[in-house]
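K.L.:
Numbering-wise, the sequence shown is residues 19 to 198 according to the working numbering.
We put the beta carbon where it would ideally sit given N, CA and C, even for glycine.
Mind looking over this structure? Questions follow.
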Amino acid sequence: MPTASPQLDVLYTREQIAERVAAMGAEISRDYHGQHIILVGVLKGAAIFLSDLARAVVPDCTFDFVAVSSYGRGQRSSGAVKVIKDLDHSIEGRHVILVEDILDTGLTLTYLRNMLLHQKPASLKIAALLDKPARRLQKIEADYVGFTLPNLFVVGYGMDYAERYRNLQEIRLMSPNDPE
Ligand code: PRP
19 MPTASPQLDV LYTREQIAER VAAMGAEISR DYHGQHIILV GVLKGAAIFL
69 SDLARAVVPD CTFDFVAVSS YGRGQRSSGA VKVIKDLDHS IEGRHVILVE
119 DILDTGLTLT YLRNMLLHQK PASLKIAALL DKPARRLQKI EADYVGFTLP
169 NLFVVGYGMD YAERYRNLQE IRLMSPNDPE
């Protein structure tokens with residue numbers, strides 16, 4: 019199997035990721051037995067996680083995607099994010115799971131959760147593959163979490179450094195000494 023960046027240390031292997039995603043899918047399947055769910059992925063980082071999670075979920079589900087960008091580092095702590103792509107379809111009265119690759123400061127998901135709640139979904143939960151609780155600036159937790167980790171910068175499985183490394187099959191560690 020080709021490996022794009024063997025020099026970056028592996029934090030979670032393909033097998034570890036697959037095992038956790040399968041477990042999250044099983045938990046969601048139990049919770050939503052017999053119901054239709056809408057998985058809302060946050061582009062771009064969550065794209066690969068959503069594609070695997072969707073196939074690990076038994077209930078009938080459809081996808082939608084949102085894309086956001088923060089207004090810049092200086093205003094990051096304000097929690098202001100700019101919606102670049104909104105939902106394609108209304109979620110009113112529907113069961114929705116927001117799907118994120120990483121829950122870090124919580125600013126993005128807090129904003130998105132409030133935005134989606136305005137549409138009055140029947141329910142709204144959050145699935146995050148990675149959770150960094152030590153970084154939180156907003157009080158928000160995911161309902162389904164793959165891995166809880168300390169403040170490490172990770173890439174792969176959808177996550178990037180300057181748009182690179184998203185296609186790595188593993189989750190790998192970037193350190194300040196790594197070449198760009
Ligand atoms: C990452 C991640 C979340 C957000 C989490 O997105 O995908 O959306 O940051 O951070 P927060 O909890 O501090 O708000 P990023 O801005 O890197 O964009 P990307 O998904 O396109 O990689």
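#1: I'd like the span of the alpha helix (DSSP H) that includes V66, first residue to last.
#2: Determine the extent of the beta strand (DSSP E) in which G43 is found, giving its start and end residues.
#3: Which class does T123 belong to by DSSP, given the choice of helix, strand or coil?
#4: Find the nearest neighbour of I55 within the set Q137, V76 and Q25, judged by alpha-carbon distance.
#5: Look at G176 and L186 and say whether their C-beta atoms are less than 7 Å apart.
#6: For the beta strand (DSSP E) containing A180, list its first residue and its last residue.
#7: Does the beta-carbon of L71 have 16 or more other beta-carbons within 10 angstroms, so that it is buried, or is it exposed?
#8: G59 bridges to which residues according to DSSP?
#9: Is any heavy atom of the ligand PRP found at a distance shorter than 6 Å from the C-beta of I144?
#10: Assuming V58 contacts V117 (C-beta within less than 8 Å), just tell me the rounded distance between them.
#11: Return the bridge partner residues of L135 from the DSSP annotation.
#12: In angstroms, rounded to a whole number, what distance separates the CA positions of G52 and S141?
#13: Do D104 and F67 count as a contact pair if the criterion is CB distance below 7 Å?
#14: Could you check if P168 is buried or exposed, using at least 16 other CB atoms within 10 Å of its CB as the buried criterion?
#15: Please state if the CB of V101 and the CB of V86 are separated by a distance shorter than 7 Å.
P.N.:
Quick answer:
#1: Rather than Val, the amino acid found at residue 66 in this sequence is Ile. Residues A65 to A74.
#2: That residue, G43, is in no beta strand (DSSP E); its alpha helix (DSSP H) goes R32 to D49.
#3: coil
#4: V76
#5: no
#6: It is not in any beta strand (DSSP E) - A180 carries neither H nor E in the DSSP assignment.
#7: buried
#8: F83 and V117
#9: no
#10: 6 Å
#11: None; L135 has no bridge partner.
#12: 15 Å
#13: no
#14: exposed
#15: yes
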